[in-house]
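Numbering that gives the first Met the number 0 puts the sequence shown at residues 0 to 252.
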Amino acid sequence: MEIGAQFYTLNQHCKTLDDFALSLKKVADIGYKNVQISGTCAYEADWLKEQLDKNGLKCVLTHIDPKALTEETEKVARDHDVFNCDYIGSGWYGFMEDAERHAYDGFVEMYKPVAKKMKEMGKYFMFHNHAREFQRVDGVPILEKIAQDFAPDELGFILDTYWVQFAGGDPAAWIEKLSGRLPVIHLKDMTYHANGGRYAVIGEGNINFDRVFEKAEKAGTKYLVVEQDECYGEDPFDCLKRSFNNLAAMGFR
0 MEIGAQFYTL NQHCKTLDDF ALSLKKVADI GYKNVQISGT CAYEADWLKE QLDKNGLKCV
60 LTHIDPKALT EETEKVARDH DVFNCDYIGS GWYGFMEDAE RHAYDGFVEM YKPVAKKMKE
120 MGKYFMFHNH AREFQRVDGV PILEKIAQDF APDELGFILD TYWVQFAGGD PAAWIEKLSG
180 RLPVIHLKDM TYHANGGRYA VIGEGNINFD RVFEKAEKAG TKYLVVEQDE CYGEDPFDCL
240 KRSFNNLAAM GFR
């Protein structure tokens, strides 16, 4: 397994193409070889390929706006061909807080055609969870319901370790449950704060990553992508560097 950096961590530093390009260089200088592109300004596929090649980086995954996913599915897939990325993700879906059935049915109706078209075009559509996917529909968590209602070769999961634990789940157990559908996992640590869970640099929180790594290896995971949604006033580049160093000490590069 290889590690990477999720650019949502750097979203405040990628509001222009110049800043985005500088951020790619800074991430490469830390030592990351893989990135997920998410939360940045708009970019053309050719521009991204040029910047990735310039910095020796590989884009292993993106999060794409739902409107583009549903209305420009083929263009999205072709754009990903340009910068050689096989995994295309949806970063969020607004399931109702009370997990009403129509909200779940809306997800299926929206993304079934996307998943099928992506497969036809040689891509793998992937869904990123938050905590609300642990509400229940038909007696099972939404995340499990999605796994039941989409074929494994049409939809994978970007399992987020923080949000699984935040929702009261066991990240390692969910990796085992979704084995074979997790080419990319979001590594996100959690520490305790008076107001609840708090994002943390990898290795500076309380998630049991030894078990996460063990189960991810068995599940066929290829990339462990570091993400920190909020750095609480710290420099996000420094947070990514500390996560990189801590993972390197665990044997990852």
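Where is the CB? At the ideal position from N, CA and C, for every residue including glycine.
Between which two residues does the beta strand (DSSP E) holding residue i run?
i: Q5; result: 1 to 5
i: R197; result: 195 to 199
i: K57; result: 57 to 62
i: I184; result: 183 to 186
i: F156; result: 154 to 159
Pick helix, strand or coil for residue i, following the three-state DSSP scheme.
i: M249; result: coil
i: Y110; result: helix
i: H79; result: helix
i: S178; result: coil
i: F126; result: strand
i: M189; result: strand
i: I206; result: coil
i: Y42; result: coil
i: Q11; result: helix
i: Y222; result: strand
i: Y103; result: helix
i: Q272; result: The structure shown does not extend to residue 272, since the chain is modelled only from 0 to 252, so the question has no answer here.
i: Q227; result: coil
Which residue's Cα is closest to the Cα of residue i: the options?
i: F106; options: S89, K122, G121; result: S89
i: T160; options: Q147, P151, E175, A150; result: E175
i: G202; options: E226, D45, K115; result: E226
i: C13; options: M0, Y31, A4, S37; result: S37
i: L21; options: E1, L51, D45, M0; result: L51
i: K111; options: R131, I63, D80, L154; result: L154
i: V26; options: D45, E216, K57; result: K57
i: W173; options: Y198, D152, K217, R197; result: K217
i: F6; options: K74, F236, V136; result: F236
i: F133; options: Y86, Y103, T190, F19; result: Y103
i: N33; options: K48, E43, H79, G3; result: G3
i: D28; options: P65, N10, K116, G55; result: G55
i: A114; options: P65, V211, D169, V59; result: P65
i: M120; options: R77, L246, G168, I63; result: R77
i: F212; options: M249, T190, E229; result: M249
i: E49; options: Q11, K74, L16, R131; result: L16
i: N207; options: L177, G195, W162, D169; result: D169
i: V75; options: Q11, R197, A193, Y123; result: Y123
i: A44; options: H101, E233, D80, I141; result: D80
i: F82; options: E99, R100, Y42; result: Y42
i: L177; options: A193, N128, H101; result: N128
i: W46; options: Y31, F19, V59, G30; result: F19
i: N245; options: L186, L9, G167; result: L186
i: Q35; options: M189, V59, P140; result: V59
i: K24; options: Q11, N10, T8, K53; result: K53
Pull up the CB-CB distance for residue i and residue j, whole angstroms please, since I reckon it's below 8 Å.
i: C84; j: T61; result: 6 Å
i: F165; j: M0; result: That belief does not hold up - the Cβ atoms of F165 and M0 are roughly 23 Å apart, past 8 Å.
i: A126; j: I87; result: For clarity, residue 126 is Phe in the given sequence; the question names Ala instead. About 11 Å; that fails the 8 Å criterion.
i: T214; j: A171; result: The question names Thr, but residue 214 in the sequence shown is Lys. About 5 Å separates the two Cβ atoms, so the contact holds.
i: D152; j: K116; result: Contact flag wrong, Cβ pair sits at about 13 Å.
i: Y198; j: D228; result: 5 Å
Between which two residues does the alpha helix (DSSP H) carrying residue i extend?
i: Q147; result: 141 to 148
i: S89; result: Taken as a continuous stretch (DSSP letters only), S89 belongs to no alpha helix (DSSP H), being part of the beta strand (DSSP E) at 86 to 89.
i: D32; result: Reading the sequence as shown, one finds Lys at residue 32 and not Asp. First-last for K32: undefined, no H or E at that position.
i: P151; result: First-last for P151: undefined, no H or E at that position.
i: E96; result: Taken as a continuous stretch (DSSP letters only), E96 belongs to no alpha helix (DSSP H), as it is neither H nor E.
i: A67; result: 65 to 70
Item to complete: Kindly confirm or deny that the region 138 to 152 and the region 106 to 116 touch, where touching means at least three C-beta pairs closer than 8 Å.
Response: yes
Discussion item. Using 8 Å as the cut-off, can you tell me whether the region 60 to 74 makes contact with the region 94 to 101, which would need three or more C-beta pairs spanning the two stretches below that distance?
Written reply: no
Discussion item. Contact between the region 214 to 221 and the region 168 to 182 is defined here as three or more beta-carbon pairs at a separation below 8 Å; is this criterion met?
Written reply: yes
Worksheet item: Contact between the region 199 to 215 and the region 226 to 242: three or more CB pairs below 8 Å?
Response: yes
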